[in-house]
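Trainee:
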Amino acid sequence: MVTGLFLGIFASAYLYSSADEQIRLFVQRRLREHYPSHFITIKDARRVSSREIILRGVSISGRGPGHQQEPQVFINEMVVRCPTGIDDLIQSRIRVTRVTLRNMTVYAEHRPDGSNNVTPLLPLPKFGAGYPLIVVENSGLHYLDRRKPQPQTLKIQDINFQIARKTLPEQNPDSPPLITVQGHCSSDELKLAEFSIRFDPQTKRWNTQGNIEGLWITPDLISGLPTECSQQLSELVVLRANTNLNFQLSGLLPKSTGKNLPPEEVRPVQFAISGSLADGHLKDTRLPFDLENLSAKYKCTNQELKIEDLHAKFGRTTVEGSLVRSGLNPQSPLRLQLKAHNVHLYEYEGLLQTLPASLQSKWKEFGPAGVVSVELNAQRREKTWKPDLFVRCHNLSFNCGKFGYRLHRGTGTLRLEEKVLKIDMRALASGQPVKIDGELDPFSARGWIEARSEAPIPINQALLQTLTGHGRKIVESMNASGGFSMHYRAASNPGREKLDHLLSIELDRCSIQHAAFPYPLYKVNGLLQMENGNWTFQKLQGQNDSGHVTAHGSWERTPKGGLLQLHFTGLNLPLEEELQLALSPRARNIWRNLRPRGSISQVAVDYVHRTGQPQSITITLNEQEPRPGVRDNSISIHPTWLPYRIDDLTGQVVYRNGHWNLHEIRGKHASVQVRTSGTGQVNANGHWQCEFTDMSIDRFDFDRDLIQALPQGLHTALLYLNPHGATNLQGNIRLQGGPHHPLTSSWDLQLGMAGVSLQSRLRIEHIHGGVRLVGSYDGQQIQNRGELMIDSLMHHGIQATQIQGPFWIDDRRILIGSWANNTPRVEPPRNLSGQLFGGTVYGDGQILLDNEHNFNIKVSLSEGDLSQIKLLPASQRTQLSGKTFARLGLTGSMQGVHTLKGSGTIHLKDADIYKLPVMVALLKILSIHPPDRTAFTNSDIQFQIDGGHIYLNPVKFEGDAISLIGNGALTMNGDIDIDFYTKVGRNRLRLPVIRPLLGEASRQFVLIEVTGSLDAPVTTPQVFPGLSRFKQLFPDEDTPFRERIENPILKRNVLRNLPRIRR
């Protein structure tokens, strides 16, 4: 074909005067005939010599959309070597021996429909017979794959090769010769590529081989390759590296043409590529660092991919390894060997997302960090990995399973082999060694792991911060310090999907102050054990000063959270501020009000807290009898609401959630014995109340301590009464108070007295009997309603017995008898009653509790026995008989006798008053000599009290023979000044005529003046000169009796001579 082309050129040259132009047109026409669908242009042609023709500007363009030209081949210069003689050209004896293509550019591309623009250019046009040598010099290839979304042009420059035809000796002479290609090329990314190609046209078999030197693998290079190649090499798109390689490829072209080839004609290309990689840089967004300084040796055939001697730098990690993949499919069986040194785990947290979910969970559970070395031998068959992982730990920290305890500076090995992770490590927990062993299947819940401390681990803040979840809450709640030994084991059990976790913590001389009961304990030993998230606390024991505390408890998971139960038992605990601060706010308020001191024999605290519910605290205090001679072990209280110190307390107190019970509480104050039980409560706002029941106080005295402790009103009353002597008390007392609220109280008490005395100005002594007190105190006023049940008492030597009746005591006064009935009641008012002087005495009274202690009393005596009345010294020497009836109303104050005011009457019946010294003196004057029992048998005396004087008006002594009527005065110390006058008989004659005669006559007979004292009376009889003298001395004789009682008597001159009254 080429020979014919050149014959035509020379024939045209001779036929036309312009030979070069004819040659150009000839060649252009022949090319257009061969490529009728292309645009063919030749710029010019020139016959250089008889053996050579040069064509310049040869262009072959395809037809694009709208008949637009698309360049496909452009040859800057084509040199054809052949005979150029005129005869050769005319006769077409052109034999082309060589064609040189210089500066040729081929624009190859794949169209979106999968076709290409190179195939239509084949086969090449032929001019003449023979197979000339084709030489391509300094040419280039521009390749564009429009099948890609963003196609990029691949440019290969400096292409040089030769295409020759050879016939091998063993070939059939009629067979077409072999086509051989040899050449080289280079580009910006390629230093040198040398290749050779051989093609057998008869068998369609081809092969090529060569080597590439200095090829830079870049993403642009990969993306510029044909789609089929770039897809095969897509994994290399993240790689930048320089490679040298050798390659061999062979194949068999199909005999058929077209897009749809018979399956039997599609034969795979056989290839073998081997080379080395250097200066590699791999950048993958899934990796935390770029893989740098990558170097490796590789070999790739149709059967396997092999990578050897791989070395790289990955952050601070150095990597070496190898890979063998049996096949080019991504899922082909694979064998991987990888070693990584100086691996800092925290740098690879981003890789967690690439791990299986089960491994991610385990990684987060253990939270490893630090430096390790890794050796990985992994095989993949049928999409299943069989890894053999060996990790050597150099400085590793990690959590101890679900407990969350953090270990540091771990060394040892981890080996994952046959799905079993074998652990052989040592690590430090707060500086102390811990041994870790185990065999686990990380993809299931089979196996075991165990960690055991080899020395006590200190409890510190760094340790607490490493804990997580409920473990941290539980340990932090103990506020522990000191050391502990730890044993952790997680193991699988048949029938369970998860591992069973068991953690044992043995405390070693720790200090604990639990948040639920923050009482500090020292030298604490015991066992804390966790099993599958549930905790138990066993055999805990510690000390606080002289106190010894033991404890146990548990924390259990519940559907709504957890249940915490703790029990503390304390022996010989000092009642100090530390124990007070450990109590709840409400219990602390009780403590502040009781002010306890000493040490308690036994304290039991039960704490229960269920998630979502209020906490429950039960405190039980048991105190036994103090040991003889040991005072420090006793308990005393000094309540703020009753500042009366009670020592040597025993009994039991149970406090539960603001409520408490007292059982058989006993104590004493000096010789006073106290016993009580009771209940109480305190609410959240601090308001409290307490009731003491079955209270018994034996042999207590109203000493200064007790009186000062009582409320002000009762305190004032007792100060006035000033009681002394042993008293027993029984009954109930109720107290209540709170913040910003005064203390209030109520009581119902029985007092038993034996020999008690009231050492006030009343001077009541030897009191025997009982008193009931029912009262209340509202924080400002006190009220007491009581009942006297006195068997006996003495007052100035006078005994009163069987004294009964009501009384009332408040802040202002003391009311006795019917006056104490100041509230509406069903029963009628009752007087105070008792037995006095052999008769019955009734009384009412009032004593004001002011500074002057004003009083008002009303007393009456019925059927008193004169023989028992010994008010005056004379009566102590003379025996009297008869009955006495008396009434007395008296007011005054404790300021002195001068404040006394009152009046009363005395009636003597069948009385032997003639035995009195004063009566003996009167009888002598009247010539009536004892023992005349009929001299005076009945007497009536009306009197008034004014200060220290007792005014008698009148005094009547009646007898059968004669009667005496008098008036006068006497003093408190027995001085008297009384005038008597005589009457005949009993003054019973009421006849209008006889009475004036006898009466007026008798007055003219005797007027007796009695002075001196009751023990030594001085009598002076006088015979009055007349009635006027009598009226001068007895001006009220004719006044009716009632008027004399109601009107005060006049002081007489005779009183001026009486001695001064003692006050």
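In short: position in the sequence shown from 1, add 596, done, that's our numbering.
Glycine residues also receive a C-beta, built at the ideal position from the N, C-alpha and C atoms.
For Leu1496, collect the residues of the same chain with a Cβ closer than 8 Å to its Cβ; drop the 5 residues on either side in sequence, then sort them by chain order.
Mentor: Cβ neighbours of Leu1496 beyond the five flanking positions: Leu1486, Thr1487, Gly1488, Ile1541, Asp1542, Gly1543 and Gly1544.
Trainee: Please return the same chain residues whose Cβ sits closer than 7 Å to the Cβ of Leu883, not counting the five positions on each side in sequence.
Mentor: Once the five neighbours on either side are set aside, Leu883 has no close Cβ partner at all.
Trainee: Taking Gln1134 and His1148 to be in contact with their CB atoms under 8 Å, please state how far apart those CB atoms are, rounded to whole angstroms.
Mentor: About 6 Å separates the two Cβ atoms, so the contact holds.
Trainee: Can you give me the start and stop residues for the beta strand (DSSP E) that Asp1406 sits inside?
Mentor: Its beta strand (DSSP E) spans residues Ile1394 to Asp1406.
Trainee: How far does the beta strand (DSSP E) with Phe757 in it extend, from its first residue to its last?
Mentor: Start and end: Leu750 to Lys762.
Trainee: What's the call for His706, buried or exposed, on a 16-neighbour Cβ count within 10 Å?
Mentor: Result: buried.
Trainee: Less than 8 Å between the CB atoms is what I'm expecting for Leu1190 and Ile1233, so what's the real figure, rounded?
Mentor: Their Cβ separation, rounded to whole angstroms, is 5 Å, which keeps Leu1190 and Ile1233 in contact under 8 Å.
Trainee: Could you tell me whether the region 1176 to 1188 touches the region 1103 to 1123, where touching means 3 or more Cβ pairs closer than 8 Å?
Mentor: Yes, the region 1176 to 1188 touches the region 1103 to 1123.
Trainee: With a cut-off of 8 Å on the beta carbons, I'd call Lys1505 and Gly1478 a contact; round off their distance for me.
Mentor: Sure, about 6 Å apart at Cβ, within 8 Å.
Trainee: Evaluate contact between the region 1389 to 1409 and the region 1429 to 1436, counting only Cβ atoms and requiring at least three cross-stretch pairs below 8 Å.
Mentor: Contact between the region 1389 to 1409 and the region 1429 to 1436 is present, because at least three Cβ pairs lie under 8 Å.
Trainee: How many angstroms separate the CA atom of Pro1239 from the CA atom of Arg1188?
Mentor: Looking at the two C-alpha atoms, the distance is approximately 12 Å.
Trainee: Among Ile656, Val833, Tyr631 and Gln1538, which residue has its Cα nearest to the Cα of Lys639?
Mentor: Of the listed residues, the one whose Cα sits closest to Lys639 is Ile656.
Trainee: When DSSP builds the beta bridges, which residues end up paired with Arg1022?
Mentor: Arg1022 pairs with Thr1007 and Lys1031.
Trainee: From Trp1415 to Thr1436, what does the alpha carbon distance come to, in whole angstroms?
Mentor: Going from the Cα of Trp1415 to the Cα of Thr1436 covers about 19 Å.
Trainee: Let me know the beta strand (DSSP E) ranges lying completely inside the region 690 to 715, each 3 residues or longer, listed in chain order.
Mentor: The qualifying runs are 694 to 706.
Trainee: Out of curiosity, what's the CA-to-CA distance linking Phe1298 and Trp1284?
Mentor: Going from the Cα of Phe1298 to the Cα of Trp1284 covers about 28 Å.
Trainee: May I ask you to report which of helix, strand or coil DSSP gives Asp616?
Mentor: Reduced to three states, the DSSP call for Asp616 is helix.
Trainee: Which runs of the alpha helix (DSSP H) spanning at least 4 residues fall entirely within the region 787 to 867, listed in chain order?
Mentor: With a minimum length of 4 residues, the continuous alpha helix (DSSP H) runs that stay inside the region 787 to 867 are 815 to 820 and 823 to 828.
Trainee: May I have the straight-line CA-CA distance separating Thr1272 from Trp1343, to the nearest angstrom?
Mentor: Their backbone Cα atoms lie some 14 Å apart in a straight line.
Trainee: My parser needs the beta strand (DSSP E) runs of 3 or more residues fully inside the region 1166 to 1243; what are they?
Mentor: Runs found: 1193 to 1206 and 1212 to 1219.
Trainee: Could you please give the first and the last residue of the uninterrupted beta strand (DSSP E) stretch that includes Val958?
Mentor: As written in the sequence, residue 958 is Lys, which differs from the Val given in the question. Taken as a continuous stretch (DSSP letters only), Lys958 belongs to no beta strand (DSSP E), being part of the alpha helix (DSSP H) at Ala953 to Phe962.
Trainee: Within a Cβ cutoff of 8 Å, which residues of the same chain sit near Arg977, ignoring the five residues on either side of it in sequence?
Mentor: If we look at Arg977 and ignore the five residues flanking it on each side, its Cβ neighbours are Pro929.
Trainee: Straight-line CA distance for Leu924 to Gln827?
Mentor: Approximately 12 Å, taken between the alpha carbons.
Trainee: By Cβ distance, which residues of its chain are closer than 7 Å to Arg1584, with the 5 residues on each side in sequence left out?
Mentor: Because Arg1584 carries a pLDDT of 46, less than 50, the predicted location of this residue cannot be relied on, and no value is offered for it.
Trainee: Can you say whether Ala1507 is buried or exposed, counting buried as having 16 or more other CB atoms within 10 angstroms of its CB?
Mentor: Buried, since its Cβ has 16 or more Cβ neighbours within 10 Å.
Trainee: Just to confirm the assignment: which complete beta strand (DSSP E) runs, minimum length 3, are found wholly within the region 1098 to 1130?
Mentor: Counting whole runs of 3 or more residues, the region 1098 to 1130 contains the beta strand (DSSP E) stretches 1117 to 1127.
Trainee: Compute the beta-carbon to beta-carbon distance between Gln758 and Gly779, rounded to the nearest angstrom, for a pair I have assumed lies under 8 Å.
Mentor: Sure, about 6 Å apart at Cβ, within 8 Å.
Trainee: I'd like to check one pair, Cys989 with Val967: are the Cβ atoms closer than 9 Å?
Mentor: Cβ distance < 9 Å, so Val967 and Cys989 count as in contact.
Trainee: Whole angstroms are fine: how far does the CA of Thr839 sit from the CA of Ile649?
Mentor: In a straight line, the C-alpha of Ile649 is about 42 Å away from that of Thr839.
Trainee: Assign Leu883 to one of three DSSP states: helix, strand, or coil.
Mentor: It is coil, neither helix nor strand.
Trainee: Closer than 7 Å by C-beta to Glu916: which residues in its own chain qualify, once you throw out the five before and the five after it? Chain order, please.
Mentor: Answer for Glu916: Leu906, His907 and Lys935, listed in chain order.
Trainee: Closer than 6 Å by C-beta to Leu1593: which residues in its own chain qualify, once you throw out the five before and the five after it? Chain order, please.
Mentor: Residue placement at Leu1593 cannot be trusted, given a pLDDT of 41 that sits under 50; what the coordinates show is reported in the next sentence. Nothing meets the Cβ criterion.
Trainee: Which same chain residues, not among the five before or five after Ile813, have their C-beta less than 7 Å away from its C-beta?
Mentor: Taken in chain order, the residues that qualify are Leu832, Leu835, Arg836, Ala837 and Thr839.
Trainee: Put His1494 into one of helix, strand or coil per three-state DSSP.
Mentor: Note: His1494 maps to helix in three-state DSSP.
Trainee: Among Thr914, Thr881 and Asp880, which residue has its Cα nearest to the Cα of Ser891?
Mentor: Selected option, being the one with the closest Cα: Thr914.
Trainee: Roughly how many angstroms lie between the CA atoms of Thr823 and Lys744, to the nearest whole one?
Mentor: Those two C-alpha atoms are separated by around 7 Å.
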